[in-house]
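K.L.:
Got a structure for you, questions after.
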Amino acid sequence: MDLFFKVRQYVLGELDSMVAAGELPSNLDMAGVTVEPPRDPLHGDMATNAAMVLAKAAKKNPREIAEKLAKRLASLDIIDSSEVAGPGFLNLRINVKVWQSIFSKVLELGNSYGRTGLGNNSRVNVEFVSANPTGPLHVGHTRGAVFGDALSRLLSFAGYDVTREYYINDGGSQVDTLARSVYLRYLEAHGKDVAFEDGTYPGDYLIPVGQALKDKVGSDYIDKAEHYWLDDVRQFATDAMMSLIKEDLASLGIEMDNFFSEKSLYGVGKIEEAIENLKSKNLIYEGVLDPPKGKKVEDWEPRVQTLFKSTLHGDDVDRPIKKSDGAWTYFAPDIAYHFDKVDRKFDQLIDVFGADHGGYVKRMKAAVSALSNDEVKFDIKLTQLVKLFKNGEPFKMSKRAGTFVTLRDLVDQVGSDVTRFVMLTRKNDAPLDFDFDKVLEQSRDNPVYYVQYASARIHSVFRKADEAGITFDKKQAMNERFETVTHEAEIKIAKKLAEWPRLVEIAAKTNEPHRIAFYLYDLAGDFHSLWNKGNEISELRFIQEEHHRESCIKMAMISAVLVVISSGLDILGVEPATHMN
RNA sequence: GGACCCAUAGCUCAACUGGAUAGAGUACUUGACUUCGAAUCAAGGGGUUGGGGGUUCGAAUCCUCCUGGGUCCGCCA
Numbered sequence: 001m002d003l004f005f006k007v008r009q010y011v012l013g014e015l016d017s018m019v020a021a022g023e024l025p026s027n028l029d030m031a032g033v034t035v036e037p038p039r040d041p042l043h044g045d046m047a048t049n050a051a052m053v054l055a056k057a058a059k060k061n062p063r064e065i066a067e068k069l070a071k072r073l074a075s076l077d078i079i080d081s082s083e084v085a086g087p088g089f090l091n092l093r094i095n096v097k098v099w100q101s102i103f104s105k106v107l108e109l110g111n112s113y114g115r116t117g118l119g120n121n122s123r124v125n126v127e128f129v130s131a132n133p134t135g136p137l138h139v140g141h142t143r144g145a146v147f148g149d150a151l152s153r154l155l156s157f158a159g160y161d162v163t164r165e166y167y168i169n170d171g172g173s174q175v176d177t178l179a180r181s182v183y184l185r186y187l188e189a190h191g192k193d194v195a196f197e198d199g200t201y202p203g204d205y206l207i208p209v210g211q212a213l214k215d216k217v218g219s220d221y222i223d224k225a226e227h228y229w230l231d232d233v234r235q236f237a238t239d240a241m242m243s244l245i246k247e248d249l250a251s252l253g254i255e256m257d258n259f260f261s262e263k264s265l266y267g268v269g270k271i272e273e274a275i276e277n278l279k280s281k282n283l284i285y286e287g288v289l290d291p292p293k294g295k296k297v298e299d300w301e302p303r304v305q306t307l308f309k310s311t312l313h314g315d316d317v318d319r320p321i322k323k324s325d326g327a328w329t330y331f332a333p334d335i336a337y338h339f340d341k342v343d344r345k346f347d348q349l350i351d352v353f354g355a356d357h358g359g360y361v362k363r364m365k366a367a368v369s370a371l372s373n374d375e376v377k378f379d380i381k382l383t384q385l386v387k388l389f390k391n392g393e394p395f396k397m398s399k400r401a402g403t404f405v406t407l408r409d410l411v412d413q414v415g416s417d418v419t420r421f422v423m424l425t426r427k428n429d430a431p432l433d434f435d436f437d438k439v440l441e442q443s444r445d446n447p448v449y450y451v452q453y454a455s456a457r458i459h460s461v462f463r464k465a466d467e468a469g470i471t472f473d474k475k476q477a478m479n480e481r482f483e484t485v486t487h488e489a490e491i492k493i494a495k496k497l498a499e500w501p502r503l504v505e506i507a508a509k510t511n512e513p514h515r516i517a518f519y520l521y522d523l524a525g526d527f528h529s530l531w532n533k534g535n536e537i538s539e540l541r542f543i544q545e546e547h548h549r550e551s552c553i554k555m556a557m558i559s560a561v562l563v564v565i566s567s568g569l570d571i572l573g574v575e576p577a578t579h580m581n
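To convert, note that position 59 of the first sequence is 59 in my numbering; the numbers rise steadily by one, no gaps.
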């Protein structure tokens with residue numbers, strides 16, 4: 001299905017023949033042989049580095065190998081010409097019929113064009129967002145949410161069996177604080193005066209939760225000691241926050257497959273079990289850490305703690321898993337959680353963290369490496385922080401000043417599609433400037449509309465064709481040979497469509513969904529360019545009033561473009577547009 | 001002091017995990033709608049890829065040192 005893969009097979013085949021003919025030694029390592037689109041179109045359609053990669057091991061001049069390989073490849077039907085260039089590149093020109101055949105192939109496969117066997121149904125767990133269940137999601141969480149979801153969609157498309165997971169931090173003291181805050185709102189709902197002290201959360205979003213608690217338990221908890229109501233209120237409040245968070249995610253079209261509770265690890269031996277596993281590998285010991293260098297810690301004094309020997313798995317220092325008072329550190333349940341994931345037999349784990357958690361990468365990798373005996377692939381993707389701008393000015397978020405921007409504020413103002421696309425049109429490890437006014441302007445520096453516009457224009461052609469009485473029969477179009485599609489602007493589109501399966505594979509291998517966004521932008525550009533050529537060259541217009549069959553061929557062509565745009569947008573979680581408003 | 005991320009055209013960003021002469025958008029200049037939607041297109045200049053050294057057929061990409069920016073740094077979660 002992937003043309004580049006196919007041509008590479010041909011190249012490898014010819015290399016084998018050369019070995020058989022004694023022109024190359026046997027036992028050559030062909031792994032480094034690639035077939036790629038050249039950066040400069042003047043160099044042809046595809047280029048292979050085969051001669052240069054093999055030259056050393058074959059003890060031959062790369063150009064000499066290239067010459068021989070070129071002759072062999074040139075005799076193949078699908079290859080028009082094959083020439084040696086530069087230090088030993090082999091530039092291939094593919095027969096135009098191959099490009100023309102792309103359109104019917106895309107139509108035939110529809111939205112499964114570009115799906116690859118890469119994942120081979122192996123099971124991958126993508127953990128993302130995992131925000132504390134103490135309030136609504138804010139802008140900072142949005143990028144991780146969108147990235148994690150798009151990555152999940154991408155991996156599904158590439159043939160992986162994906163589980164989207166959210167780790168609920170409901171085991172620490174912050175959920176106690178949440179419970180106390182809700183209790184205050186509960187008292188308030190009973191008409192009492194309350195003050196939010198001791199770091200309790202004063203946010204308005206807890207008012208309805210306090211009210212709901214009142215509806216549930218009436219006046220039962222008034223004037224009662226904390227131990228009487230804490231457990232119940234904590235659960236009640238956490239549940240309320242999680243449904244709030246689920247709604248936030250739903251507003252971006254995100255749905256998790258699994259929510260994993262930190263609390264569920266406690267009291268049932270899960271943490272002990274994970275630590276026991278490490279202990280059996282001699283990775284747990286009692287010891288004293290050196291004080292952190294350079295940074296002054298006010299009340300630092302050496303203490304004996306239970307430590308994980310993470311340095312044996314690539315970490316810089318060993319990490320405490322138990323505090324000096326015997327309680328677990330935050331790291332301990334994290335270890336247990338990842339042990340559970342390993343235990344659930346995932347072939348691959350991916351964690352999406354905010355950049356502020358970058359310091360945890362090494363220790364988590366060490367933990368998974370140790371727990372799984374290096375058998376489970378584990379990747380951690382950091383999403384850099386989002387800097388908000390309003391009127392060109394940096395916009396500082398502050399709970400106190402009331403300039404706290406929630407995910408919901410953002411989606412309500414900007415819309416899910418724009419939010420998602422903008423956040424995905426950037427490498428995950430590059431910081432992102434999000435300017436409210438710019439994305440709201442719907443101006444053309446906004447790539448979403450550029451891609452959407454291409455999609456809307458294609459739909460528009462179909463509407464026009466319908467008015468003109470031209471009926472497009474997809475099945476019939478699939479049997480066409482497209483031999484009248486010859487203009488370079490049209491062939492350029494075919495070539496771009498041919499790159500799609502390969503691009504999906506690269507994006508999936510690198511866990512980088514932003515590549516999809518950039519590809520779509522390029523494809524839309526090629527389409528817009530062709531569209532405008534129709535202004536000058538009437539034969540390039542899609543609707544040829546007097547020529548029914550020709551119109552259908554061209555409609556099949558842009559229909560193929562629409563298929564790939566739709567698939568691509570679907571990976572990004574964005575709806576393709578049929579109209580622009 | 002240390003770890004991690006980053007540095008590419010005036011600005012915002014790409015560059016197919018090592019490929020050929022580093023590309024888009026924006027801004028600036030000029031042109032294209034009696035036409036399938038001008039939210040579009042075409043043309044123009046703009047670079048020692050922060051700096052030095054190394055690895056090899058070949059480096060923005062890998063290694064090393066330096067400069068500058070961000071995040072983080074024992075029992076908080």
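The C-beta atom is built at its ideal place from N, Cα and C for all residues, glycine as well.
The structure displayed is predicted, hence computed values, not measured ones.
Would leucine 118 and glycine 159 qualify as a contact pair, given that the criterion is a beta-carbon distance under 9 Å?
P.N.:
Taking the first residue of the first sequence as position 1, residue 118 is located at position 118. Taking the first residue of the first sequence as position 1, residue 159 is located at position 159. In contact: leucine 118 and glycine 159 (Cβ atoms closer than 9 Å).
K.L.:
Would you mind reading off the limits of the alpha helix (DSSP H) that contains methionine 46?
P.N.:
Position 46 of the first sequence, counted from the first residue, corresponds to residue 46. First-last for methionine 46: 46-48, but that is the beta strand (DSSP E), not the alpha helix (DSSP H).
K.L.:
Ordered along the chain, which non-local residues of its own chain (more than five positions away) have a Cβ less than 6 Å from that of serine 551?
P.N.:
The residue given as residue 551 occupies position 551 in the first sequence. Closer than 6 Å at Cβ, skipping near neighbours: Ile470, Ile543 and Gln544.
K.L.:
Return the CA-CA distance between glutamate 226 and alanine 367, expressed in angstroms with no decimal places.
P.N.:
Taking the first sequence and counting its residues from 1, one reaches residue 226 at position 226. Taking the first sequence and counting its residues from 1, one reaches residue 367 at position 367. Each residue's CA atom was taken as its position, placing glutamate 226 and alanine 367 some 37 Å apart.
K.L.:
Quick one: residues in its chain with C-beta nearer than 6 Å to the C-beta of methionine 18, no 5 flanking neighbours on either side, listed in chain order?
P.N.:
Start at 1 with the first residue of the first sequence, and residue 18 comes out as number 18. Cβ neighbours of methionine 18 beyond the five flanking positions: Leu24.
K.L.:
Between the Cα of serine 122 and the Cα atoms of Gln384, Val268, Asp161 and Ala430, which residue gives the shortest distance?
P.N.:
Counting from one through the first sequence, the residue named residue 122 turns up at place 122. If we check each option's Cα against that of serine 122, Asp161 comes out closest.
K.L.:
So for threonine 116, helix, strand or coil by DSSP?
P.N.:
Numbered from 1 along the first sequence, position 116 holds the residue referred to as residue 116. Residue state, collapsed to three classes: coil.
K.L.:
Starting from leucine 92, follow the beta strand (DSSP E) in both directions and report where the run begins and ends.
P.N.:
One-based indexing of the first sequence puts residue 92 at position 92. Looking at the DSSP string, the run of the beta strand (DSSP E) that includes leucine 92 is 89-94.
K.L.:
If you follow the beta strand (DSSP E) that glutamine 348 is part of, which residue opens it and which one closes it?
P.N.:
On the first sequence, position 348 is the one that residue 348 refers to. Taken as a continuous stretch (DSSP letters only), the beta strand (DSSP E) holding glutamine 348 covers 348-354.
K.L.:
Between which two residues does the beta strand (DSSP E) harbouring leucine 388 extend?
P.N.:
In the first sequence, counting from the first residue as 1, residue 388 sits at position 388. Looking at the DSSP string, the run of the beta strand (DSSP E) that includes leucine 388 is 386-390.
K.L.:
Where valine 35 and valine 7 are concerned, what is the direct C-alpha to C-alpha distance, given to the nearest angstrom?
P.N.:
The residue labelled residue 35 in the question sits at position 35 within the first sequence. The residue labelled residue 7 in the question sits at position 7 within the first sequence. Separation of valine 35 and valine 7 (C-alpha to C-alpha, rounded to the nearest whole angstrom) is 7 Å.
K.L.:
In the DSSP assignment, what are the bridge partners of valine 84?
P.N.:
Within the first sequence, numbered from 1, the residue matching residue 84 stands at position 84. BP columns for valine 84 point to Leu90.
K.L.:
Which class does asparagine 258 belong to by DSSP, given the choice of helix, strand or coil?
P.N.:
Taking the first residue of the first sequence as 1, we reach residue 258 at position 258. In this structure, asparagine 258 counts as strand in the three-state DSSP scheme.
K.L.:
Judging by CA-CA distance, which residue of Asp248, Val422, Lys427 and Asp429 is the nearest neighbour of lysine 438?
P.N.:
Looking up residue 438 in the first sequence gives position 438. Comparing Cα-Cα distances from lysine 438 to each of Asp248, Val422, Lys427 and Asp429, the minimum goes to Val422.
K.L.:
Measure the alpha-carbon distance for lysine 533 versus lysine 492 and round it to whole angstroms.
P.N.:
By 1-based counting over the first sequence, the position of residue 533 is 533. By 1-based counting over the first sequence, the position of residue 492 is 492. In a straight line, the C-alpha of lysine 533 is about 13 Å away from that of lysine 492.
K.L.:
Would phenylalanine 353 be called buried (16 or more neighbouring beta carbons within 10 Å of its own) or exposed?
P.N.:
Here residue 353 refers to the residue found at position 353 of the first sequence. Buried, because 16 or more other Cβ atoms sit within 10 Å of the Cβ of phenylalanine 353.
K.L.:
Helix or strand or just coil, what does DSSP make of lysine 322?
P.N.:
As a working note, residue 322 is residue 322 in the first sequence. Strand at lysine 322.
K.L.:
Compute the distance between the beta-carbons of serine 251 and arginine 408, then report whether it is under 9 Å.
P.N.:
Here residue 251 corresponds to residue number 251 of the first sequence, with the count starting at 1. Here residue 408 corresponds to residue number 408 of the first sequence, with the count starting at 1. For serine 251 and arginine 408, yes; Cβs fall inside 9 Å.
K.L.:
Measuring alpha carbon to alpha carbon, tell me which residue in Phe331, Arg115 and Asn428 is nearest isoleucine 571.
P.N.:
Counting from one through the first sequence, the residue named residue 571 turns up at place 571. Ranking Phe331, Arg115 and Asn428 by Cα distance to isoleucine 571 puts Arg115 first.
K.L.:
Check the C-beta distance from glycine 358 over to leucine 382 and give it rounded, since I have them as a contact under 8 Å.
P.N.:
For this step, residue 358 is matched to residue 358 along the first sequence. For this step, residue 382 is matched to residue 382 along the first sequence. So it is a contact: roughly 6 Å between Cβ atoms.
K.L.:
How is the alpha helix (DSSP H) around aspartate 315 delimited, first residue to last?
P.N.:
Residue mapping note: residue 315 aligns to position 315 of the first sequence, counting from 1. Neither: aspartate 315 is in no alpha helix (DSSP H) and is coded neither H nor E.
K.L.:
Kindly provide the ranges of any alpha helix (DSSP H) runs that are 4 or more residues long and lie completely inside the stretch 152-208, ordered along the chain.
P.N.:
174-189
K.L.:
Taking the C-alpha atoms as reference points, what is the distance between phenylalanine 196 and tyrosine 360?
P.N.:
Translated into positions along the first sequence, residue 196 becomes position 196. Translated into positions along the first sequence, residue 360 becomes position 360. Spanning the two alpha carbons is a distance of roughly 32 Å.
K.L.:
Look at the alpha carbon of isoleucine 284 and the alpha carbon of proline 320, and state the distance between them as a whole number of angstroms.
P.N.:
Position 284 of the first sequence, counted from the start, is the residue given in the question as residue 284. Position 320 of the first sequence, counted from the start, is the residue given in the question as residue 320. Distance between the alpha carbons of isoleucine 284 and proline 320 is about 10 Å.
K.L.:
Measuring CA to CA, which of Ser152, Asp232, Asp80 and Ser130 is closest to threonine 510?
P.N.:
In the first sequence, counting from the first residue as 1, residue 510 sits at position 510. Comparing Cα positions, the closest option is Ser152.
K.L.:
Are the beta-carbon atoms of leucine 90 and threonine 48 separated by less than 9 Å?
P.N.:
For the purposes of this step, residue 90 is taken as the residue at position 90 of the first sequence. For the purposes of this step, residue 48 is taken as the residue at position 48 of the first sequence. It is a contact, given that the beta carbons lie within the stated cut-off.
K.L.:
Please tell me whether arginine 363 and phenylalanine 331 are closer than 9 Å, where the distance is taken between their beta carbons.
P.N.:
Against the first sequence, residue 363 aligns to sequence position 363. Against the first sequence, residue 331 aligns to sequence position 331. With contacts defined by Cβ atoms closer than 9 Å, arginine 363 and phenylalanine 331 form a contacting pair.
K.L.:
Where does isoleucine 380 sit, in a helix, a strand or coil, going by DSSP?
P.N.:
Mapped onto the first sequence, residue 380 falls at position 380. Isoleucine 380 falls in the strand class under three-state DSSP.
K.L.:
How close, in whole Å, do the beta carbons of methionine 557 and glutamate 108 come, if the pair is a contact with beta carbons under 8 Å?
P.N.:
In the first sequence, the residue the question calls residue 557 occupies position 557. In the first sequence, the residue the question calls residue 108 occupies position 108. The Cβ separation is near 14 Å, so there is no contact.
K.L.:
Compare the Cα-Cα distances from aspartate 617 to each of Arg185, Thr200 and Asp379 and report the closest residue.
P.N.:
Examination of residue 617 is not possible in this model, given that the chain is present from 1 through 581 alone.
K.L.:
Is the beta carbon of tyrosine 201 less than 9 Å from the beta carbon of threonine 177?
P.N.:
As a first step, residue 201 is located in the first sequence; it is residue number 201 there, counting from the start. As a first step, residue 177 is located in the first sequence; it is residue number 177 there, counting from the start. It is a contact, given that the beta carbons lie within the stated cut-off.
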